[in-house]
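A short write-up of the structure that comes next.
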Amino acid sequence: MKLGFMLGYSGRDLRIPIEQVQLAERLGYDSVWTAEAYGSDAITPLAYIAAHTERIRLGTGIIQLAGRTPANAAMAMATLDALAGGGRAICGIGVSGPQIVEGWYGEPWGRPYYRLKDYVSIMKKIFAREEPVTHDGVEISLPYTGKGALGVGKPLKSILHMNPDLPIWLGTGMESTV
């Protein structure tokens, strides 16, 4: 069995109990987890924790799809993993809920299953760095060719050499997204 330490949401003031995280690491905890809703994000606190720890894994529980593009999420998680020494980041993602997606991010709830499927596929391609990323999905396409596109976008490959095996875990409360 592996133990994880969940920090949860930030609350009114952002306070990271770094001494507790360091104690959890010394006691052999496998991972520390942060969350986001409509306050602080889940990734930035993990960078702070990474700078104050040595081996504990760093998980987002969860980052919300509507809050960032799959390329932005992949870059942020890969950067966190690289800064932490490699092999420590766990990308927990989820669709969130319509109240946050529409109320906070101003995005339509739409078809979250298809968006999640496209999102994970794009992130895996970005982490792998096998070729410039293209994706023709139900909800997301790269390069973008939809309404308002100038037609000058081209497939790109990350400059940063990423961990191709950076784990992506799904946080879901809907049977259709499993």
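Position one of the sequence shown corresponds to residue -10 (our numbering), numbered consecutively onward. Glycine is no exception: its CB is placed at the ideal position from the N, C-alpha and C atoms.
Based on Cα-Cα distance, which residue from the options lies nearest to residue i?
| i | options | result |
| --- | --- | --- |
| Thr23 | Met(-5), Thr58, Ser130, Gly56 | Met(-5) |
| Trp93 | Gln11, Gly(-3), Thr134, Tyr27 | Tyr27 |
| Met151 | Gly95, Ala73, Thr68 | Thr68 |
| Val21 | Lys114, Ala78, Pro156 | Ala78 |
| Leu155 | Ala117, Pro121, Glu43, Glu128 | Ala117 |
| Arg104 | Gln88, Glu119, Asp125, Ile115 | Asp125 |
| Leu47 | Lys136, Arg1, Trp158 | Trp158 |
| Ala40 | Gln11, Ile89, Thr58, Gly17 | Gln11 |
| Tyr(-2) | Ile32, Tyr18, Glu8, Asp19 | Ile32 |
| Gly162 | Gly86, Glu96, Ser29, Leu145 | Gly86 |
What's the gap between the Cα of residue i and the Cα of residue j?
| i | j | result |
| --- | --- | --- |
| Leu35 | Ala138 | 35 Å |
| Arg15 | Thr42 | 10 Å |
| Pro6 | Asn61 | 27 Å |
Taking the Cβ atom as the reference point for each residue, do residue i and residue j lie within a distance shorter than 8 Å?
| i | j | result |
| --- | --- | --- |
| Tyr108 | Ile82 | yes |
| Ile129 | Val122 | no |
| Ala71 | Leu149 | yes |
| Asp30 | Gly(-7) | no |
Tell me which residues share the same chain as residue i and place their Cβ nearer than 8 Å to its Cβ, disregarding the 5 neighbours each side in the sequence.
| i | result |
| --- | --- |
| Gly140 | Thr134 |
| Arg100 | Val127, Glu128 |
| Pro153 | Phe116, Ala117, Arg118 |
Below 6 Å CB to CB, which residues in the same chain sit around residue i once its five sequence neighbours on both sides are set aside?
| i | result |
| --- | --- |
| Ile51 | Gly81, Ile82, Gly83, Gly160 |
Tell me, please, which residues DSSP counts as bridged to residue i.
| i | result |
| --- | --- |
| Thr23 | Gly(-3), Thr49 |
| Ile157 | Cys80 |
| Leu131 | His124 |
Looking only at its chain, what residues have a beta carbon closer than 7 Å to the beta carbon of residue i, apart from the 5 residues adjacent to it on each side?
| i | result |
| --- | --- |
| Ala73 | Ala39, Leu47 |
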